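Protein chains in written order, with the numbering used here: chain A, 51 to 423; chain B, 20 to 397. Every residue, glycine too, gets a C-beta built ideally from N, C-alpha and C. This one's a predicted model, so the numbers in the text were calculated from it and none came from an experiment. Below is one structure; the comments refer to it alone.
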């Protein structure tokens, strides 16, 4: 799809989660092997979209570290390009660090590109989505803007902060509302995935961005829609999708993947999810190890007990240590005899010998990066 | 362009004693250690030694091996001023020739080496398992102004007749060499790893090419003729882990050596910093261990799904062990499926094999078996 540029938007991810203090959600570890943005990048790659811009909000270092040479998600390394779009003025004044200002700062992506269509995908959405049919329908029906949305049942406690969409029987948007947990019934929520014609995008940015320098892209589009400048079409995605909106949901949406039937909905051999690999050796298990219902990454050395948990790269679990219902990020050392239950332990931490750390199933504990406990 | 050191990796061997494993695959491409192919070890050793120019000589069933090597990117050997070339037999003005022996393989690629104009040439075998750098060996070669340095190690006398056996003087210079002697006089075996001063190598390869009675082999012809002409041949003693995996049993054992209960001399975890082993990327899902699984003393790669019992096993990517299946002291190569109720003992299961429901493999446990083509071979 040479006429399409993909934009991975890091600005739309939820803020203020304990795990995202030093990294954006997009480059946060998922299932010990992936970063969240691997799904967006793989969906673009598998959909044949080779020109990709990363609309980075903050914590650039963490994103660059995960991207490596940036070649892990392109098919042809000459034709495909992954560009970092970074808003320097926005770093000096966080109030202006919006996706709209970032686009304006990097507007060469709009003007230099031969692409007629731009697809915006959020950096943190967990889904395997083929974008081809949506782009095809967008072009065929001569639309200006398409929002890809999903019908969700539980808006009381999930999809908090997402936009709930109303539309007529032709799929044309007639209204939207922020979800603050007020909806009792199943509703259609925006997946923050947009297909926009380049000319439409350029015109909207020119006309509406100066009116509100703090507005984000969705607000800007809604303003244009309300003023009758441009119609918006809502299209459906009915596959498996998750959007992390809280620390508890990070734990839930990770640990639920231990149910193989659920994992099979996300991971399909025909739709691979690519990630940066690290040349770590296969996982090594000791003679006294006991592991059940868990994901174990390469580079992990397990000599103790791991139940219902996710263990990332280069983690060492000593003899007699017990890990239950927990997520252990990379390069963590759990020493002999330690007990860890309902906990997320961030990178480079050390749990001392025989130490016990227990959270509750509904209130998991977060142990910050580099902690010694 | 003149360079200091070029490496030539001999990867054309068939590996006949590995049976079905090498029926459609060159021995250096055989999988090992759950994640690797054997040739990852010599290639990573080159990368870790800072070698930038590597020729890989392939011949037998070379397609899969050639595409695996590609431009060397799996080992980082595609960087600035790097060159990785797959050197298969070719058609020339003089006709077309298969490689007639290890020395002939290098002889037929002297044009490739001449282009690089190296001062020294490192010659390696593509099917040895060891993790090291060649820095010390090269340093010794240069310091002693040797024409050739041969890496050697002590082997048990009972096994000495399988190797080229060296006789050395008190300064470690080689004064006698016998390839696979029936009655070995010593136990200092050549590892088939050589550093040559390129000028000497070229001279002896050219002389050997015209000889009708020659096997065109380094061990049988080149080394003995250099000794006969009193060239400076140095022995470099290597004491670390090194395996030439010729048989199903030795390949099985080399896999088991990687376990925590295995050989402490080879530990993929402790060698990470000094001699990292690099390999191909793959995009499989994370490794999943099921709710009723038993996993003890194993090495398991990403993409494997273990729902049964695996004890003392080395398991590759995309392997599935169903609920109720049991594997003991077994190597499961990539893409294997052990179905429920099956029991596999002391076995090496070839890639993409399916062990049938309830099937019992190698129940008698009187040696290591190979499971390939849907049946057990011993």
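Open item on the list: Mapping the DSSP letters down to three states, classify residue 94 (chain A) as helix, strand or coil.
Closed with: In the first chain, the residue the question calls residue 94 (chain A) occupies position 44. In this structure, residue 94 (chain A) counts as helix in the three-state DSSP scheme.
Task: Residue of A:92, A:62 and A:126 minimising C-alpha distance to residue 149 (chain A) - done: Within the first chain, the letter at position 99 stands for residue 149 (chain A). Of the listed residues, the one whose Cα sits closest to residue 149 (chain A) is A:62.
Task: Whole-Å CB distance - residue 146 (chain A) paired with residue 304 (chain A), under 8 angstroms assumed - done: Stepping through the first chain from its first residue, residue 146 (chain A) is reached at position 96. Stepping through the first chain from its first residue, residue 304 (chain A) is reached at position 254. Rounded, the Cβ-Cβ distance is 33 angstroms, inconsistent with contact.
Task: Within 8 angstroms, strictly: CB atoms of residue 165 (chain A) and residue 130 (chain A) - done: Reading the first chain from its first residue, position 115 is the one you call residue 165 (chain A). Reading the first chain from its first residue, position 80 is the one you call residue 130 (chain A). Not a contact, by the Cβ cut-off of 8 angstroms.
Task: Through-space distance from residue 106 (chain A) to residue 262 (chain A), alpha-carbon basis - done: In the first chain, the residue the question calls residue 262 (chain A) occupies position 212. In the first chain, the residue the question calls residue 106 (chain A) occupies position 56. Cα to Cα, the separation comes out at about 21 angstroms.
TODO: With DSSP as the reference, please indicate the residues paired to residue 321 (chain A) in a beta bridge.
DONE: The residue labelled residue 321 (chain A) in the question sits at position 271 within the first chain. According to DSSP, which records beta bridges pairwise, residue 321 (chain A) is partnered with A:318.
Open item on the list: Residues of chain A with CB closer than 7 angstroms to the CB of residue 305 (chain B), please, in chain order.
Closed with: The sequence position of residue 305 (chain B) within the second chain is 286, counting from 1. The contacting residues are 81, 82, 83, 345 and 347.
TODO: Take residue 115 (chain A) as the anchor and find which of A:224, A:72 and A:94 has the nearest alpha-carbon.
DONE: As a first step, residue 115 (chain A) must be located in the first chain, where it is residue number 65. Of the candidates A:224, A:72 and A:94, the one whose C-alpha sits nearest the C-alpha of residue 115 (chain A) is A:72.
Open item on the list: Between residue 310 (chain B) and chain A, is the shortest Cβ-Cβ distance under 8 angstroms, so that the two count as touching?
Closed with: Indexing the second chain from 1 puts residue 310 (chain B) at position 291. Nearest CB-CB separation between residue 310 (chain B) and chain A: below the 8 angstroms threshold.
Task: Segments assigned beta strand (DSSP E), at least 3 residues, entirely inside the segment 131–192 of chain A - done: Counting only unbroken stretches of 3 or more residues, the beta strand (DSSP E) elements lying wholly within the segment 131–192 of chain A are 131–136, 167–172 and 175–177, in sequence order.
Open item on the list: Mapping the DSSP letters down to three states, classify residue 50 (chain B) as helix, strand or coil.
Closed with: Looking up residue 50 (chain B) in the second chain gives position 31. The three-state reading of DSSP puts residue 50 (chain B) in strand, counting E and B together.
- [ ] Note down, in chain order, each residue of its chain lying with its Cβ closer than 6 angstroms to the Cβ of residue 334 (chain A), except the 5 sequence neighbours on either side.
- [x] Along the first chain, read from residue 1 onward, the residue named residue 334 (chain A) stands at position 284. The residues are 351.
Open item on the list: By alpha-carbon positions, which one of A:295, A:411 and A:329 ends up nearest to residue 287 (chain B)?
Closed with: In the second chain, residue 287 (chain B) corresponds to position 268, counting from 1. Of A:295, A:411 and A:329, the residue nearest in Cα terms is A:329.
- [ ] Could you tell me which chain A residues have their CB closer than 7 angstroms to the CB of residue 288 (chain B), listed as they occur along the chain?
- [x] If you number the second chain from 1, residue 288 (chain B) lands on position 269. What residue 288 (chain B) touches in chain A: 331, 334 and 351.
Task: Under 8 angstroms from the C-beta of residue 341 (chain A): neighbouring residues of chain B - done: Along the first chain, read from residue 1 onward, the residue named residue 341 (chain A) stands at position 291. Neighbours of residue 341 (chain A) on chain B, chain order: 308, 312 and 314.
TODO: Identify, in the order they occur along the chain, each residue of the same chain with its Cβ nearer than 6 angstroms to the Cβ of residue 407 (chain A), setting aside the five sequence neighbours on each side.
DONE: Translated into the one-based positions of the first chain, residue 407 (chain A) becomes position 357. Answer for residue 407 (chain A): 390 and 393, listed in chain order.
Open item on the list: Determine whether the beta carbon atoms of residue 353 (chain A) and residue 369 (chain A) lie at a separation below 8 angstroms.
Closed with: Locating residue 353 (chain A) in the first chain gives position 303, counting from the first residue. Locating residue 369 (chain A) in the first chain gives position 319, counting from the first residue. Yes, they are a contact pair.
Open item on the list: Below 8 angstroms, how does it come out for the segment 205–215 of chain A and the segment 289–296 of chain A: are there three or more Cβ pairs, yes or no?
Closed with: Contact between the segment 205–215 of chain A and the segment 289–296 of chain A is present, because at least three Cβ pairs lie under 8 angstroms.
Open item on the list: Let me confirm a value: residue 248 (chain B) is counted as buried when at least 16 other C-beta atoms fall within 10 Å, else exposed. Which label applies?
Closed with: Translated into the one-based positions of the second chain, residue 248 (chain B) becomes position 229. So residue 248 (chain B) ends up on the exposed side.
Open item on the list: Run through chain B and tell me which residues come within less than 7 angstroms of residue 317 (chain A), C-beta to C-beta.
Closed with: Against the first chain, residue 317 (chain A) aligns to sequence position 267. Under the 7 angstroms cutoff, chain B gives 304.
TODO: Count the CB pairs spanning the segment 400–414 of chain A and the segment 102–112 of chain B that are closer than 8 angstroms, and state whether there are at least three.
DONE: no
Open item on the list: Under DSSP, the beta strand (DSSP E) around residue 137 (chain B) begins and ends at which residues?
Closed with: Within the second chain, numbered from 1, the residue matching residue 137 (chain B) stands at position 118. 137–144 is the extent of the beta strand (DSSP E) around residue 137 (chain B).
- [ ] Determine the burial state of residue 345 (chain B): buried for a count of at least 16 other Cβ atoms within 10 Å of its Cβ, exposed for fewer.
- [x] Within the second chain, the letter at position 326 stands for residue 345 (chain B). Label assigned to residue 345 (chain B): buried.
TODO: Answer with buried or exposed for residue 140 (chain A), where buried requires no fewer than 16 other C-beta atoms within 10 angstroms of its C-beta.
DONE: Start at 1 with the first residue of the first chain, and residue 140 (chain A) comes out as number 90. Only buried fits residue 140 (chain A), as 16 or more other CB atoms lie within 10 angstroms of its CB.
Task: Residues near residue 94 (chain A) by beta carbon distance below 8 angstroms, same chain, minus five either side - done: Residue 94 (chain A) sits at position 44 when you count from the first residue of the first chain. So the list reads 56, 58, 102, 123, 169, 171 and 181, once near-sequence residues are dropped.
Open item on the list: Counting only Cβ pairs nearer than 7 angstroms, list the residues of chain A close to residue 317 (chain B).
Closed with: Here the question's residue 317 (chain B) lines up with position 298 in the second chain. Within 7 angstroms Cβ-Cβ: 335.
Open item on the list: My output table needs one value for residue 223 (chain A): the three-state DSSP class, helix, strand or coil.
Closed with: Here residue 223 (chain A) corresponds to residue number 173 of the first chain, with the count starting at 1. Looking at residue 223 (chain A) - three-state DSSP - the assignment turns out to be strand.
Open item on the list: Residues of chain C with CB closer than 8 angstroms to the CB of residue 393 (chain B), please, in chain order.
Closed with: This model lacks chain C altogether; the protein chains it does include are A and B.
- [ ] Alpha carbon to alpha carbon, how far is residue 258 (chain A) from residue 264 (chain A)? Give it in angstroms, no decimals.
- [x] The sequence position of residue 264 (chain A) within the first chain is 214, counting from 1. The sequence position of residue 258 (chain A) within the first chain is 208, counting from 1. Residue 264 (chain A) and residue 258 (chain A) have their C-alpha atoms some 11 angstroms from each other.
Task: Cα-Cα separation between residue 336 (chain B) and residue 421 (chain A), rounded to whole angstroms - done: As a working mapping, residue 336 (chain B) is identified with position 317 in the second chain. As a working mapping, residue 421 (chain A) is identified with position 371 in the first chain. Rounded to the nearest angstrom, the two C-alpha atoms are 33 angstroms apart.
Open item on the list: Tell me the rounded alpha-carbon separation between residue 366 (chain A) and residue 271 (chain B).
Closed with: Reading the first chain from its first residue, position 316 is the one you call residue 366 (chain A). Reading the second chain from its first residue, position 252 is the one you call residue 271 (chain B). When rounded, the distance between both Cα atoms is 26 angstroms.
Task: Separation of residue 88 (chain B) from residue 146 (chain B), as counted between CA atoms - done: Mapped onto the second chain, residue 146 (chain B) falls at position 127. Mapped onto the second chain, residue 88 (chain B) falls at position 69. About 14 angstroms.
Task: Validate contact between the segment 178–196 of chain B and the segment 240–260 of chain B using beta carbons, cut 8 angstroms, 3 pairs - done: At 8 angstroms Cβ cutoff, the stretches touch.
Task: Cβ separation of residue 356 (chain A) and residue 347 (chain A), assumed to be a contact under 8 angstroms, to the nearest whole Å - done: One-based indexing of the first chain puts residue 356 (chain A) at position 306. One-based indexing of the first chain puts residue 347 (chain A) at position 297. So it is not a contact: roughly 12 angstroms between Cβ atoms.
- [ ] Classify residue 300 (chain A) as helix, strand or coil using the three-state DSSP reduction.
- [x] As a working note, residue 300 (chain A) is residue 250 in the first chain. Residue 300 (chain A): helix per DSSP, three-state reduction.
Task: Residue-level contact to chain B via CB, residue 322 (chain A), 8 angstroms cutoff - done: Position 272 of the first chain holds residue 322 (chain A). Yes, contact with chain B.
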